[in-house]
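At position 155 of the sequence shown the residue is numbered 155 (full-length UniProt numbering), and the sequence of numbers has no breaks.
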Amino acid sequence: MSDPTRRPRITLVVFAYNQSAMIDAAIDSALVQVCEPIEILLSDDASPDDTFARMQARAATYQGPHQVRVRRNASNLGINGHFNAVVEAAQGDLLVMMAGDDLSLPERVARVAQAWDASGQRLDLIASHLVDMSPEGEDLGVVRVDDLSQWRTVEDWAQRRPYIIGAAHAFTRRLFERFGPLLPHVSYEDQVNLLRALCGGGACTVDAALVRYRRGGVSDRMREFSGERYLAWVRRLNVIHVALHQQWLQDAARAGCLEVVQRSIEREYQRERFVAALLDAPGAVSRWRIALQSSPVDPGWRVRKCVYLAWPGLAAAIRAAQSALRARRRGPGR
C-alpha cells in the first residue's frame, strides 16, 4: 500500500477528455508501473461522457504502492488550460505526461527516472521513442524521435529543431516555476518545454519505445475535406502557431537568449502573422490588398495563401489529394 503522507518525487499524469472507451486501458497501464512509489494523477477536462466516473472507479479499487489521485476541471479548459491545471495540481518534481487514449509500458517511469537520476537530476526534459498504434490498438512499428542529447544549447535548437512527440515526454516542475504557465492557445507543450529545457538543465532521449501512441487523437491533420472545414482548420492552427511563437519569445526573453530565438523563428513568425492578417480581413478585396502590399514575406507564398483563402474548396481538394497520396505510400493498414 502507498504511504499518503510521503510526497512522491515523480507524478505520472493521465489527462483525458471524452475518452470513455479507452481510459480504462490507459489507467491500467499507469497503475502497473514497475518503479518506486509515484503519484498517479488522473485528470478529466469536464468530459460529457463517463470518463471521470471510470477514473474514480479505477482509483477506488486500486491497491498498490502508488498514490492515486483523481481530479476534474469544473469546466472544459481545452488542451492548454488542462495542461496548466495538471502541472499546478501535481505533487512530483518530475512530471511524466500521458494522454487518455495512449498506453505506457510498465517500465516507462523507471526508465525515465533512471535517465534523470543519471544526470544528477540536472536534466529538465526526457523524451522517448513510441510504438505507433492504430485506433483499434494494433501495433504498427516504432516511431523514433531525435536524440536530444545532441542539442546542448539554444544555439543548437536555433540551427535545427529536434523532432519529439509530446505523448512521450517528461519534464521538471522547476521549468514552470521559472517560466510560468503556458500562454493562452499554446497547445504544443512539448515544443515549449524543449526550448525551456535547453535554457536550463538540458534534455535527453531514452533509447526505447516506452509509449504506445494511438493514432486518431487530437492532431493538426484535416480529417474532413471541404472548403468550410479547411478555413476552420487554418484558423485553428494559425491561432496555435502564433501563440507558440509568442511563448518562445517570452521564454527566450526571460532566459536571456531573445536575439538567438528571434532570429531563428523570424521567417515563420512573419508568415503566421501574415495569415492572421488575411483571416482578420473583412473580405476578398482586403485580403488581396494585404497580400500585394510590401512585406518581408515571400510574394509568391503570400499570393498562394491568398488564393487558398479566396477559394477554400480548391485548397481542400489539394489537401485531400495529398492525404490520399500519403496513404498509398504508407500501404495497407498504415
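Each residue gets a CB set at the ideal place from its N, CA and C atoms; glycine is no exception.
Next item on the list: Can you have a look at Ile318 and say buried or exposed, based on whether 16 or more other CB atoms are within 10 angstroms of its CB?
Entry: Locating residue 318 in the sequence shown gives position 318, counting from the first residue. It is exposed - the Cβ of Ile318 has fewer than 16 other Cβ atoms within 10 Å.
Check: Where does Cys204 fall in DSSP's three states?
Finding: Your numbering for residue 204 matches position 204 in the sequence shown. Strand, per DSSP.
Check: Per DSSP, Gln67 is paired with what?
Finding: Within the sequence shown, residue 67 is the residue found at index 67, counting from 1. Note: Gln67 sits in a beta bridge opposite Glu39.
Item checked: Own chain partners of Met222 with C-beta closer than 6 Å, once the 5 adjacent residues on each side are dropped -> Residue 222 sits at position 222 when you count from the first residue of the sequence shown. Confidence at Met222 is low in this model, with a pLDDT of 47, below 50, so its placement is unreliable and no value can be given for it.
Check: Is the distance from the Cβ of Gln19 to the Cβ of Gly100 below 8 Å?
Finding: The residue given as residue 19 occupies position 19 in the sequence shown. The residue given as residue 100 occupies position 100 in the sequence shown. Against a cut-off of 8 Å, the Cβ pair of Gly100 and Gln19 comes out as a contact.
Notebook entry, point to check: Would you report the Cα separation of Gln63 and Leu41, rounded to the nearest angstrom?
Noted result: Residue mapping note: residue 63 aligns to position 63 of the sequence shown, counting from 1. Residue mapping note: residue 41 aligns to position 41 of the sequence shown, counting from 1. Going by the C-alpha atoms only, they are around 15 Å apart.
Notebook entry, point to check: Is the Cβ-Cβ distance between Ala26 and Leu103 less than 8 Å?
Noted result: Residue 26 sits at position 26 when you count from the first residue of the sequence shown. Residue 103 sits at position 103 when you count from the first residue of the sequence shown. For Ala26 and Leu103, yes; Cβs fall inside 8 Å.
Item checked: Residues near Val260 in its chain [Cβ-Cβ closer than 8 Å; skip 5 each side] -> Walking along the sequence shown from the start, residue 260 turns up at place 260. Excluding residues within five positions, the ones whose Cβ falls inside 8 Å are Val154, Glu155, Ala158 and Ala252.
Next item on the list: Rounded to whole angstroms, what's the CA-CA distance from Val186 to Pro65? Just pull it up for me.
Entry: Residue mapping note: residue 186 aligns to position 186 of the sequence shown, counting from 1. Residue mapping note: residue 65 aligns to position 65 of the sequence shown, counting from 1. Taking the straight line from one Cα to the other gives about 35 Å.
Item checked: Straight-line gap, Ser219 to Ala16 (C-alpha atoms, nearest Å) -> For this step, residue 219 is matched to residue 219 along the sequence shown. For this step, residue 16 is matched to residue 16 along the sequence shown. Per-residue confidence for Ser219 stands at a pLDDT of 48, beneath the threshold of 50, marking its modelled position as unreliable; no derived number is given.
Next item on the list: With DSSP as the reference, please indicate the residues paired to Asp44 in a beta bridge.
Entry: Residue 44 sits at position 44 when you count from the first residue of the sequence shown. According to DSSP, which records beta bridges pairwise, Asp44 is partnered with Ala16 and Arg72.
Next item on the list: Report, in whole angstroms, the separation of the C-beta atoms of Val112 and Val206, which I expect to be a contact under 8 Å.
Entry: The count along the sequence shown starts at 1 and reaches residue 112 at position 112. The count along the sequence shown starts at 1 and reaches residue 206 at position 206. With 8 Å as the limit, Val112 and Val206 qualify as a contact, their Cβ atoms being about 6 Å apart.
Check: Among all the DSSP beta bridges, which residues are the ones paired with Val34?
Finding: Taking the sequence shown and counting its residues from 1, the one referred to as residue 34 is at position 34. Bridge partners of Val34: none, in fact.
Item checked: Alpha carbon of Gln67 to alpha carbon of Ala60, nearest angstrom -> Within the sequence shown, numbered from 1, the residue matching residue 67 stands at position 67. Within the sequence shown, numbered from 1, the residue matching residue 60 stands at position 60. The straight-line gap separating the alpha-carbon atoms of Gln67 and Ala60 is approximately 11 Å.
Next item on the list: Confirm, please, whether the CB-CB distance from Asn193 to Leu125 is below 8 Å.
Entry: Sequence index remark: in the sequence shown, residue 125 carries index 125 (1-based). Sequence index remark: in the sequence shown, residue 193 carries index 193 (1-based). Closer than 8 Å, so yes.
Next item on the list: Taking Thr172 as part of the beta strand (DSSP E), name the residues at either end of that continuous run.
Entry: Position 172 of the sequence shown, counted from the start, is the residue given in the question as residue 172. His169 to Thr172 is the extent of the beta strand (DSSP E) around Thr172.
Next item on the list: Go ahead and pull the three-state DSSP assignment for Gly141.
Entry: Translated into positions along the sequence shown, residue 141 becomes position 141. The three-state secondary structure of Gly141, taken from DSSP, is strand.
Notebook entry, point to check: Just how far apart, CA to CA, sit Glu266 and Arg328?
Noted result: Here the question's residue 266 lines up with position 266 in the sequence shown. Here the question's residue 328 lines up with position 328 in the sequence shown. Their Cα atoms are separated by approximately 35 Å.
Next item on the list: Pull up the distance between the alpha-carbon of Val96 and that of Leu12, whole angstroms please.
Entry: As a first step, residue 96 must be located in the sequence shown, where it is residue number 96. As a first step, residue 12 must be located in the sequence shown, where it is residue number 12. Approximately 5 Å, taken between the alpha carbons.
Checklist line | For Tyr230, the three-state DSSP class (helix, strand or coil) | finding: Residue mapping note: residue 230 aligns to position 230 of the sequence shown, counting from 1. In the three-state scheme derived from DSSP, where H, G and I count as helix and E and B as strand, Tyr230 is classed as helix.
Notebook entry, point to check: What are the residues that DSSP puts in a beta bridge with Trp213?
Noted result: For this step, residue 213 is matched to residue 213 along the sequence shown. One point to set straight first is that residue 213 is Tyr, not Trp, in the sequence displayed. Answer by DSSP bridge pairing, in chain order: Asp132.
Note to self: Please give me, in chain order, every unbroken run of the alpha helix (DSSP H) with length at least 4 that falls completely inside the stretch 250-281.
What the structure shows: Within the stretch 250-281, complete alpha helix (DSSP H) segments of at least 4 residues are found at 258-280, given in chain order.
Next item on the list: Within 10 angstroms of the Cβ of Leu309, are there 16 or more other Cβ atoms? Answer buried if so, exposed if not.
Entry: One-based indexing of the sequence shown puts residue 309 at position 309. Its Cβ being crowded by 16 or more others within 10 Å, Leu309 is buried.
Next item on the list: Can you say whether Arg160 is buried or exposed, counting buried as having 16 or more other CB atoms within 10 angstroms of its CB?
Entry: Position 160 of the sequence shown, counting from 1, holds the residue named residue 160. Arg160 is classed as exposed because its beta carbon has fewer than 16 other beta carbons within 10 Å across all chains shown.
Next item on the list: Look up Ile126 in the DSSP assignment and give the residues it is bridged to.
Entry: To locate residue 126, count along the sequence shown from 1; it is residue 126. Within the DSSP secondary-structure output, Ile126 pairs in a beta bridge with Ala170 and Cys204.
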